[in-house]
Amino acid sequence: MLETISRRTLFNGALAASVAAAFAAEAKAAPPAQRLSAETAVLEVNGRAGKVFRLLDGQGRRGIRLAPDERFRVDLANRAAEKTIIHWHGQLPPWTQDGFPWPQTPPLSPGVVESYDYAPIPGTFWMHSHQGLQEQSLMTAPLIVRSTAELREDRQEVVLMLDDFSFTAPDELLARLTGGAPSAVHTMARRTEAVPAPARNAPAPGMSMGGMPMSSMTPQSIAHGAGMAADLNDIDYDAFLANDRTLADPGIVRVERSGRVRLRIINGASASQFWIDLGALSGRVVATDGHPVRSVAGRRFPLAIAQRLDILLDLPATGAFPIFAQVEGTRHRTGIVLATKSASVFHAADAAKPAPPVDNSLEERLTAMRPLPPRPADLRHRIVLSGGMKPYSWSLNGEYWPHITPLMLERGQRVEIDLVNHSMMAHPMHLHGHAFQVIAVNSTPIRGAVRDTVLVTPMMGSVRIAFNADNPGRWAFHCHNLYHMMTGMMTEFRYRGVPA
Ligand SMILES: [Cu+2]
Numbered sequence: 000m001l002e003t004i005s006r007r008t009l010f011n012g013a014l015a016a017s018v019a020a021a022f023a024a025e026a027k028a029a030p031p032a033q034r035l036s037a038e039t040a041v042l043e044v045n046g047r048a049g050k051v052f053r054l055l056d057g058q059g060r061r062g063i064r065l066a067p068d069e070r071f072r073v074d075l076a077n078r079a080a081e082k083t084i085i086h087w088h089g090q091l092p093p094w095t096q097d098g099f100p101w102p103q104t105p106p107l108s109p110g111v112v113e114s115y116d117y118a119p120i121p122g123t124f125w126m127h128s129h130q131g132l133q134e135q136s137l138m139t140a141p142l143i144v145r146s147t148a149e150l151r152e153d154r155q156e157v158v159l160m161l162d163d164f165s166f167t168a169p170d171e172l173l174a175r176l177t178g179g180a181p182s183a184v185h186t187m188a189r190r191t192e193a194v195p196a197p198a199r200n201a202p203a204p205g206m207s208m209g210g211m212p213m214s215s216m217t218p219q220s221i222a223h224g225a226g227m228a229a230d231l232n233d234i235d236y237d238a239f240l241a242n243d244r245t246l247a248d249p250g251i252v253r254v255e256r257s258g259r260v261r262l263r264i265i266n267g268a269s270a271s272q273f274w275i276d277l278g279a280l281s282g283r284v285v286a287t288d289g290h291p292v293r294s295v296a297g298r299r300f301p302l303a304i305a306q307r308l309d310i311l312l313d314l315p316a317t318g319a320f321p322i323f324a325q326v327e328g329t330r331h332r333t334g335i336v337l338a339t340k341s342a343s344v345f346h347a348a349d350a351a352k353p354a355p356p357v358d359n360s361l362e363e364r365l366t367a368m369r370p371l372p373p374r375p376a377d378l379r380h381r382i383v384l385s386g387g388m389k390p391y392s393w394s395l396n397g398e399y400w401p402h403i404t405p406l407m408l409e410r411g412q413r414v415e416i417d418l419v420n421h422s423m424m425a426h427p428m429h430l431h432g433h434a435f436q437v438i439a440v441n442s443t444p445i446r447g448a449v450r451d452t453v454l455v456t457p458m459m460g461s462v463r464i465a466f467n468a469d470n471p472g473r474w475a476f477h478c479h480n481l482y483h484m485m486t487g488m489m490t491e492f493r494y495r496g497v498p499a
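In numbering that gives the first Met the number 0, the protein residues as written are 0 to 499.
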C-alpha cells in the first residue's frame, strides 16, 4: 500500500530506478569507440605522386565526425612506420589526452593503439600531429562535433579542409629556412619533443615579464608578394589543397536547388594563411574556431593558420559556386565548387591579383555569443613575440623552446595575456586545453570571439586574450606556423601542483 511507504523510501526507490534507467540508457546509447588510423599513403597532386600521412576513420574518411552529445571515444592506431602523437586542436580534454609529447604522455610507437575518452565541445575542430614536422606531410584531418541545434537548422554540412603541400621533404624545407644541415634540423625536431626545465624563476601572479626591444627586429626582412613591408609565406609550396585536391581538378560538392549550407572551413596548413572568397555568394560567419559569434555577413574573410570559420550560405536556385581560398600575398588559390545537379563543369585558375596579408579586420568585428562572464583578472602576463628570417628563429619573451620558463597558473584564476608582436611577421598563437576570449585588438577593447587561435599582426600588432584557468595540467602555447614553432616559438602554461 502506498501509504505504508515513507517519503524517504519512495524517494530512494525513485532515485534508484532513475539511476538504473540512466545506466541502462547509457549502456545502450554508448556506441563502440571509433577507430582512427594514422598511416602513410600516396596522394596524387597535380598528376604527381606525393608521400603523405593520413588520419582515417573506420570508413576510410579523413578525421572524426561525432553526433550530438557523443563522447570522443577514439582508438588511435599508429600504422605509420614512425612515432606519432595526435592533438585534438581546440578541444578541452584532460591534459593527459591532449596529444602533446610531454614526458608523461610520450608519442605512440608504430603498432601501438591508444584510447581516448572525453566529452567534446561541439563545433568545427581539427586534429594534427604534434610530432616533429609530420603536420606538413598532411597528418591533419577534420574533427567535427555536431550539435542538436545545428541538426535542427537542417543545413547541408560541407567541410572544406585546407592544407599546404610540397613534394620536398619537410626537414629539407626547414633546413632551407635555417640554413642548417638536415642533421641539425633533426636535432631541432627532437628539441621540440624535449622536456622544458622545471619552473625556475616563475613570475609571481600579476607580474609582467619584460619584452625584447624593437632593435631585435631583423633588418633583413624580405618583402614578398605585392611589395608589402611584412614578411609573408616562408615556404614556396608546390600546391594548396582543398579536401586533398587542387583547382586543376577541384572537389565538386553536389547541393540541392536553393540549397542551405553550413560551410565548415579549416585552415590545416602548416605555414599558409588564406582569404576565403565566396565568389558570387554572400555568406554569414556564425562561428570561429567552433565557438558561436554574432553573425557577420560578407564575401571575403581572412583565415589565419589553424583557425576555423563556420559560414552559412543560402544558394541561388541553380548553378556552380566556387569557394576559393587564396594565399595571402600571392595569386595562388585553391577551393571547391558547390554545384546543383544540372550545373556545368567549372574551371578556375589562380587569381588575377595577389591577396593582401591576412589581418584582424574580421577579428575586430566579432562578438562572442557566449562571452566569459566579466571579472577582473587574477593574473596578467605579457608575452613579446620576436624573431626573424636571418637567422631563422622565433621566440616568446626572448626564450626558445624547450629552454623556457613555464607560466604558472592556479586553478580558478581569470588570466589575461597581452600578446605583442615585435617581429615583421604575423603569428597565429594557439593555446592548448582552453578556449579564450579576444578582449582587445591593437589596444582597442572588444567583446570579441571565443577561440583557440588568434593572429597577432606584425610590427607592434597586439591582442589581449582572457580565459578561466579551469583545466589543470601542462599546456602548450605556441605559434601555429609549424616552422616558427620548430625554431623556438613555444612555451608552457603549467598549473601549480602538476608534476613536471
Ligand atoms: Cu609565428
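Where a beta carbon is used, it is the ideal one built from N, C-alpha and C, also for glycine.
Enumerate in chain order the residues of its own chain whose CB-to-CB distance from residue i is below 8 Å, with the five nearest sequence positions on each side excluded.
i, result
"Gln155", "Val254, Glu255, Gly258, Arg259, Val260, Arg261"
"Ala268", "Leu161, Asp162, Asp163, Phe239, Ile304"
"Leu150", "Pro67"
Please classify residue i as buried or exposed, where buried requires at least 16 other C-beta atoms within 10 Å of its C-beta.
i, result
"Gln96", "buried"
"Val111", "exposed"
"Ser128", "buried"
"Ala37", "buried"
"Val357", "buried"
"Met484", "buried"
"Arg495", "exposed"
"Arg298", "exposed"
"Gly487", "buried"
"Gly250", "buried"
"Arg369", "exposed"
"Glu134", "buried"
"Gln90", "buried"
"Val41", "exposed"
"Ser442", "exposed"
"Glu152", "exposed"
State yes or no: is the C-beta of residue i within less than 8 Å of the C-beta of residue j?
i, j, result
"Ala367", "Arg446", "yes"
"Arg263", "Val158", "yes"
"Asn266", "Thr329", "no"
"Leu408", "Leu378", "yes"
"Ile310", "Val336", "no"
"Thr287", "Gln306", "yes"
"Leu535", "Tyr391", "Outside the shown range of the chain, which is 0 to 499, sits residue 535, and nothing can be said about it."
"Ile84", "Gln33", "no"
"Pro471", "Arg374", "no"
"Leu55", "Arg61", "yes"
"Pro372", "Ala347", "no"
"Phe492", "Pro405", "yes"
"Trp94", "Arg413", "no"
"Leu137", "Val252", "no"
"Ala118", "Arg70", "yes"
Given residue i, which residues of its chain have a CB within under 6 Å of its CB, disregarding the five upstream and five downstream residues?
i, result
"Val449", "His290, Ala367, Ala434, Gln436"
"Phe166", "Gly49, Asp237"
"Pro67", "Arg145, Ser146, Thr147"
"Val440", "Asn359, Glu362, Glu363, Val462"
"Ala425", "Leu454, Thr456, Pro457"
"Ile234", "Leu172, Ala270"
"Val295", "Val284, Arg364"
"Asp74", "Ala32, Arg34, Val112, Ser114"
"Ser108", "Lys82"
Would you mind reading off the limits of the alpha helix (DSSP H) that contains residue i?
i, result
"Leu150", "147-152"
"Pro169", "169-177"
"Tyr399", "Careful: Tyr399 lies outside any alpha helix (DSSP H) and carries neither H nor E."
"Pro483", "Checking the sequence, you will find His at residue 483 rather than Pro. Element bounds for His483: 481-485."
Return the first residue and the last residue of the beta strand (DSSP E) that residue i is part of.
i, result
"Met459", "Neither: Met459 is in no beta strand (DSSP E) and is coded neither H nor E."
"Val158", "155-164"
"Met126", "122-128"
"Glu491", "489-494"
"Ser114", "112-117"
"Phe428", "Note that residue 428 corresponds to Met in the displayed sequence, not to Phe. It spans 426-430 - the beta strand (DSSP E) in which Met428 sits, taken as one unbroken run."
"Ile85", "85-88"
"Arg473", "473-478"
"Pro141", "139-144"
"Ala338", "332-338"
"Asp276", "273-276"
Leaving out the 5 sequence neighbours to the left and right, which residues in its chain are closer than 7 Å to residue i when beta-carbon positions are compared?
i, result
"Ala316", "Arg256, Ser257"
"Gly432", "Leu91, Trp94, Asp97, Asn470, Gly472, Trp474"
"Ala140", "Leu54, Arg61, Gly62, Trp125, Met126"
"Arg78", "Ser36, Ala37, Glu38"
Requested in this report: For the stretch 34-65, list the beta strand (DSSP E) runs that are entirely contained and at least 3 residues long, ordered along the chain.
Outcome: 47-56, 63-65
Query - 3 or more residues per run - each beta strand (DSSP E) lying fully within the stretch 356-412 - result: 378-387, 392-395, 406-408
Query raised in the report: What are the start and end residues of each continuous beta strand (DSSP E) run of 3 or more residues lying completely inside the stretch 278-329, in chain order?
Result: 282-287, 290-297, 299-302, 307-313, 319-326
Query raised in the report: When a residue counts only if its C-beta is closer than 6 Å to some heavy atom of ligand 3, which residues count, in chain order?
Result: With respect to ligand 3, the structure offers nothing, as its ligand set consists of ligand 1.
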